[in-house]
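K.L.:
Let me begin by handing over the structure; questions about it come next.
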Amino acid sequence: MPALLVALLFYCTQASATELAPNAEVQRRIRALAPNQAVNLGLARVLGDFNEVARRFELDRTGPRARDYSLKMVWAPERSRALFLGANHGRPHRLNDVWEFDLAAMAWLLLYAPDNPRNYADLGRDASDVVFEDGVLVTRRGGPAIIAHTWSGVTYDPIRRQVLFMNTWPIKQDELIRGRGGDPKQRYAGPPLWSFSPESRTWSLHRVNAEAPRAPVGGMLEYVPELGGAIWHMNNWQMRSTWLYEPDKTRWQKLAVATKKNDFEQSAPSRELVGYHDPVRQLVIARQGRGTFHFDTRRRVWEKVDETPADAAAVPDGHDARNVFYHDPGSGHGLLVDFSSQSIWSYDPDRAAWHQQVPVGDPMPAGKRMLAYLDPEYGVLVVIDDRGVWAYRYR
Numbered sequence: 001m002p003a004l005l006v007a008l009l010f011y012c013t014q015a016s017a018t019e020l021a022p023n024a025e026v027q028r029r030i031r032a033l034a035p036n037q038a039v040n041l042g043l044a045r046v047l048g049d050f051n052e053v054a055r056r057f058e059l060d061r062t063g064p065r066a067r068d069y070s071l072k073m074v075w076a077p078e079r080s081r082a083l084f085l086g087a088n089h090g091r092p093h094r095l096n097d098v099w100e101f102d103l104a105a106m107a108w109l110l111l112y113a114p115d116n117p118r119n120y121a122d123l124g125r126d127a128s129d130v131v132f133e134d135g136v137l138v139t140r141r142g143g144p145a146i147i148a149h150t151w152s153g154v155t156y157d158p159i160r161r162q163v164l165f166m167n168t169w170p171i172k173q174d175e176l177i178r179g180r181g182g183d184p185k186q187r188y189a190g191p192p193l194w195s196f197s198p199e200s201r202t203w204s205l206h207r208v209n210a211e212a213p214r215a216p217v218g219g220m221l222e223y224v225p226e227l228g229g230a231i232w233h234m235n236n237w238q239m240r241s242t243w244l245y246e247p248d249k250t251r252w253q254k255l256a257v258a259t260k261k262n263d264f265e266q267s268a269p270s271r272e273l274v275g276y277h278d279p280v281r282q283l284v285i286a287r288q289g290r291g292t293f294h295f296d297t298r299r300r301v302w303e304k305v306d307e308t309p310a311d312a313a314a315v316p317d318g319h320d321a322r323n324v325f326y327h328d329p330g331s332g333h334g335l336l337v338d339f340s341s342q343s344i345w346s347y348d349p350d351r352a353a354w355h356q357q358v359p360v361g362d363p364m365p366a367g368k369r370m371l372a373y374l375d376p377e378y379g380v381l382v383v384i385d386d387r388g389v390w391a392y393r394y395r
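Numbering follows the working numbering, with no gaps: position 82 of the sequence shown is 82.
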């Protein structure tokens with residue numbers, strides 16, 4: 001078959017896989033939702049070019065499902081879809097696949113079929129797809145050979161139309177490099193900031209050769225338009241600072257961050273937090289444990305705005321293994337989903353106040369591997385239980 005025809009067929013296949021007709025009945029039911037009302041929308045389809053690894057773990061039947069410490073989905077405005085990636089602890093798999101969810105079409109789409117599965121501490125039973133290239137362990141398809149949880153270290157750059165992922169994992173890379181015939185002295189030692197382009201369906205590593213932050217696990221990566229890049233934040237013994245990645249300059253800048261009490265350790269959130277960016281207030285808002293924190297991106301000030309006693313039950317905890325926390329542009333509030341209790345909490349940044357929501361209508365799913373995101377186009381919080389889809393309108 002001529003090369004041009006092959007390329008044309010490939011393009012048409014990709015286009016038909018992404019340009020899905022909306023489900024008119026689903027759209028009608030979503031638009032009919034009143035404030036504080038929820039509805040079950042039925043089962044989503046699972047689409048994509050599934051390889052042997054994807055089928056082995058039945059991803060073609062279930063979709064990605066939530067993964068240990070990988071719960072956060074990110075919104076791609078130009079695609080009107082939410083994207084998901086990140087690894088499990090190892091059970092039932094540890095994969096570098098990438099997905100997106102289309103609410104209007106009620107469909108999961110596999111954008112990057114997984115390379116061979118990895119183990120917790122090594123490259124897995126079959127590392128034949130891994131090479132050591134330009135100082136990095138990559139797969140022959142260009143994906144990361146070492147794949148981490150996302151924690152809150154994943155965000156979306158709407159200018160460059162790519163997911164940004166701080167793919168940090170505590171693993172003995174030197175041993176793995178030797179196992180692939182490489183020299184550990186040639187290993188790239190900078191922060192493992194990767195991106196994934198949903199348009200080209202390719203992974204890329206963002207290398208820097210100058211000053212850069214450390215990459216401890218459980219940090220926050222959040223795109224901040226007014227700063228022209230993504231902040232990377234951690235506050236524990238490994239790193240107590242907030243950095244900015246400037247993609248136009250391919251560089252990191254350590255921000256001169258202040259705190260109201262001149263005490264970064266107490267005023268800024270620590271590891272395994274959840275949070276979001278508020279574009280109107282120009283705040284990054286985070287919940288970590290029983291504390292809520294605001295980062296004023298204009299003044300570059302962290303502030304702890306509340307602290308709830310440990311024995312109080314009237315507010316949610318903030319932890320990336322159990323919660324996701326998104327900005328609701330319709331109300332200007334934050335919406336936190338607690339998967340451990342199947343509950344929804346709203347947060348008013350102006351009053352630093354939390355309220356539990358009790359939706360009317362269909363009950364929230366109670367699955368063991370659920371995901372959630374905020375769909376700004378339809379103004380609803382979406383909870384996905386495998387293929388089951390539930391939508392909730394806050395206001």
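Ideal Cβ positions, reconstructed from N, Cα and C, are used throughout, including at glycine.
Specify, as a first and last residue, the run of the beta strand (DSSP E) that Gly218 falls within.
P.N.:
For the purposes of this step, residue 218 is identified with residue 218 of the sequence shown, where counting begins at 1. From DSSP, Gly218 is part of no beta strand (DSSP E); its letter is neither H nor E.
K.L.:
Does the region 364-382 come into contact with the region 347-355, if we say contact requires no fewer than three beta-carbon pairs (one atom in each stretch) closer than 8 Å?
P.N.:
No, because fewer than three Cβ pairs between the region 364-382 and the region 347-355 fall closer than 8 Å, the two stretches do not touch.
K.L.:
For a test of the three-state rule: what should DSSP assign to Gly179, helix, strand or coil?
P.N.:
As a first step, residue 179 must be located in the sequence shown, where it is residue number 179. DSSP places Gly179 in helix when its eight states are reduced to three.
K.L.:
If you run the structure through DSSP and keep just helix, strand and coil, what is Ile147?
P.N.:
Translated into the one-based positions of the sequence shown, residue 147 becomes position 147. Coil at Ile147, not helix or strand.
K.L.:
Mind checking who Phe132 pairs with in its DSSP beta bridge?
P.N.:
For the purposes of this step, residue 132 is taken as the residue at position 132 of the sequence shown. DSSP output for Phe132 lists Leu137 as bridge partner(s).
K.L.:
With DSSP as the reference, please indicate the residues paired to Val98 in a beta bridge.
P.N.:
As a first step, residue 98 must be located in the sequence shown, where it is residue number 98. The partner list for Val98 (beta bridge, DSSP) reads Leu85 and Tyr112.
K.L.:
Ile159 by DSSP, collapsed to three states: which one?
P.N.:
Taking the first residue of the sequence shown as position 1, residue 159 is located at position 159. Of the three classes helix, strand and coil, the one that applies to Ile159 here is coil, per DSSP.
K.L.:
Any chance the region 58-73 sits against the region 316-327, with 3 or more Cβ pairs inside 8 Å?
P.N.:
Enough Cβ pairs lie closer than 8 Å, so yes.
K.L.:
As an exercise, report each continuous beta strand (DSSP E) stretch of at least 3 residues that is fully enclosed by the region 303-375, in chain order.
P.N.:
Fully enclosed beta strand (DSSP E) runs of 3 or longer: 323-328, 333-338, 343-348, 353-357 and 370-375.
K.L.:
What did DSSP end up calling Lys185 once you bin it into helix, strand or coil?
P.N.:
On the sequence shown, position 185 is the one that residue 185 refers to. Lys185 falls in the helix class under three-state DSSP.
K.L.:
Are the region 115-123 and the region 23-42 in contact at 8 Å, needing three or more beta carbon pairs?
P.N.:
No, because fewer than three Cβ pairs between the region 115-123 and the region 23-42 fall closer than 8 Å, the two stretches do not touch.
K.L.:
Determine, using beta-carbon pairs with one atom in the region 277-286 and one in the region 217-233, whether at least three such pairs fall under 8 Å.
P.N.:
Output reads yes: the region 217-233 touches the region 277-286.
K.L.:
Using the C-alpha atoms, what's the distance from His93 back to Phe57?
P.N.:
As a first step, residue 57 must be located in the sequence shown, where it is residue number 57. As a first step, residue 93 must be located in the sequence shown, where it is residue number 93. Rounded to whole angstroms, Phe57 to His93 spans 8 Å at the Cα level.
K.L.:
Quick one: is Glu100 buried, meaning 16 or more other Cβ sit within 10 Å of its Cβ, or exposed?
P.N.:
One-based indexing of the sequence shown puts residue 100 at position 100. Classification for Glu100: buried.
K.L.:
How would you label Ile186, buried or exposed, when you count the other beta carbons within 10 angstroms and need 16 or more for buried?
P.N.:
The residue you call residue 186 lines up with position 186 of the sequence shown. In the sequence on display, residue 186 carries Gln and not Ile. Looking at its Cβ environment, which holds fewer than 16 other Cβ atoms inside 10 Å, Gln186 is exposed.
K.L.:
For the alpha helix (DSSP H) that Val280 lies in, which residues bound it at each end?
P.N.:
The sequence position of residue 280 within the sequence shown is 280, counting from 1. It is not in any alpha helix (DSSP H) - Val280 carries neither H nor E in the DSSP assignment.
K.L.:
Check each candidate in His355, Leu103, His233 and Glu199 and name the one with the smallest Cα separation from Gly388.
P.N.:
Along the sequence shown, one-based indexing puts residue 388 at 388. Answer by Cα proximity: Leu103.
K.L.:
Going by CA-CA distance only, name the one from Ser241, Gly361 and Ala87 that's closest to Leu169.
P.N.:
Taking the first residue of the sequence shown as position 1, residue 169 is located at position 169. Note that residue 169 corresponds to Trp in the displayed sequence, not to Leu. Residue Ala87 is the option with its Cα nearest to Trp169.
K.L.:
Buried or exposed for Asp97, going by 16 or more other Cβ atoms inside 10 Å?
P.N.:
Here the question's residue 97 lines up with position 97 in the sequence shown. So Asp97 counts as buried.
K.L.:
Does the contact criterion of 3 or more C-beta pairs under 8 Å hold for the region 331-339 versus the region 230-242?
P.N.:
At 8 Å Cβ cutoff, the stretches do not touch.
K.L.:
Taking all protein chains shown into account, do 16 or more other C-beta atoms lie within 10 angstroms of the C-beta of His89, making it buried, or fewer, making it exposed?
P.N.:
By 1-based counting over the sequence shown, the position of residue 89 is 89. The residue is exposed, with fewer than 16 neighbouring Cβ atoms inside 10 Å.
K.L.:
In chain order, what residues of the same chain have a beta carbon less than 7 Å from the beta carbon of Ala107, not counting five sequence neighbours either side?
P.N.:
Counting from 1 along the sequence shown, the entry for residue 107 is found at position 107. Contacts found: Leu20, Ala44, Arg45 and Leu47.
K.L.:
List the DSSP bridge partners of Ala38.
P.N.:
Taking the first residue of the sequence shown as position 1, residue 38 is located at position 38. Partner(s): Gly361 and Tyr392.
K.L.:
Would you identify the three-state DSSP class for Arg201, choosing helix, strand or coil?
P.N.:
Translated into positions along the sequence shown, residue 201 becomes position 201. Arg201 falls in the coil class under three-state DSSP.
K.L.:
With DSSP collapsed to three states, give me the class of Phe264.
P.N.:
Within the sequence shown, the letter at position 264 stands for residue 264. DSSP places Phe264 in helix when its eight states are reduced to three.
K.L.:
In the DSSP assignment, find the unbroken beta strand (DSSP E) run with Leu47 in it and report its ends.
P.N.:
If you number the sequence shown from 1, residue 47 lands on position 47. Start and end: Arg45 to Gly48.
K.L.:
Helix, strand or coil: how does DSSP classify Leu244 here?
P.N.:
For the purposes of this step, residue 244 is identified with residue 244 of the sequence shown, where counting begins at 1. Leu244 falls in the strand class under three-state DSSP.
K.L.:
Starting from the Cα of Pro269, find the closest Cα among Thr139, Gly291, Ala256 and Ala314 and give me that residue.
P.N.:
For this step, residue 269 is matched to residue 269 along the sequence shown. For Pro269, the nearest C-alpha among the options comes from Gly291.
K.L.:
Please identify the residue among Leu123, Arg160 and Glu303 whose C-alpha is closest to the C-alpha of Ala148.
P.N.:
Here residue 148 refers to the residue found at position 148 of the sequence shown. Closest option to Ala148, Cα to Cα, is Leu123.
K.L.:
For the pair the region 190-207 and the region 138-148, tell me if three or more CB-CB distances fall below 8 Å.
P.N.:
Segments in contact, yes.
K.L.:
Whose CA, out of Ser346, Trp345, Ile344 and Ala258, lies closest to the CA of Lys304?
P.N.:
Counting from 1 along the sequence shown, the entry for residue 304 is found at position 304. Nearest C-alpha to Lys304: Ala258.
K.L.:
Whose CA, out of Ala54, Arg61 and Ala286, lies closest to the CA of Trp354?
P.N.:
In the sequence shown, counting from the first residue as 1, residue 354 sits at position 354. The shortest Cα separation from Trp354 among Ala54, Arg61 and Ala286 belongs to Ala286.
K.L.:
For a test of the three-state rule: what should DSSP assign to Gln238, helix, strand or coil?
P.N.:
The sequence position of residue 238 within the sequence shown is 238, counting from 1. Three-state DSSP puts Gln238 in coil, outside helix and strand.
K.L.:
Would Pro365 and Asp385 qualify as a contact pair, given that the criterion is a beta-carbon distance under 8 Å?
P.N.:
As a working mapping, residue 365 is identified with position 365 in the sequence shown. As a working mapping, residue 385 is identified with position 385 in the sequence shown. Contact: yes.
K.L.:
Let me confirm a value: Ser128 is counted as buried when at least 16 other C-beta atoms fall within 10 Å, else exposed. Which label applies?
P.N.:
By one-based count along the sequence shown, residue 128 stands at place 128. It is exposed - the Cβ of Ser128 has fewer than 16 other Cβ atoms within 10 Å.
K.L.:
Using a Cβ-Cβ distance cut-off of 8 Å, determine whether Arg300 contacts chain B.
P.N.:
Absent from the structure is chain B; it holds one protein chain and no more.
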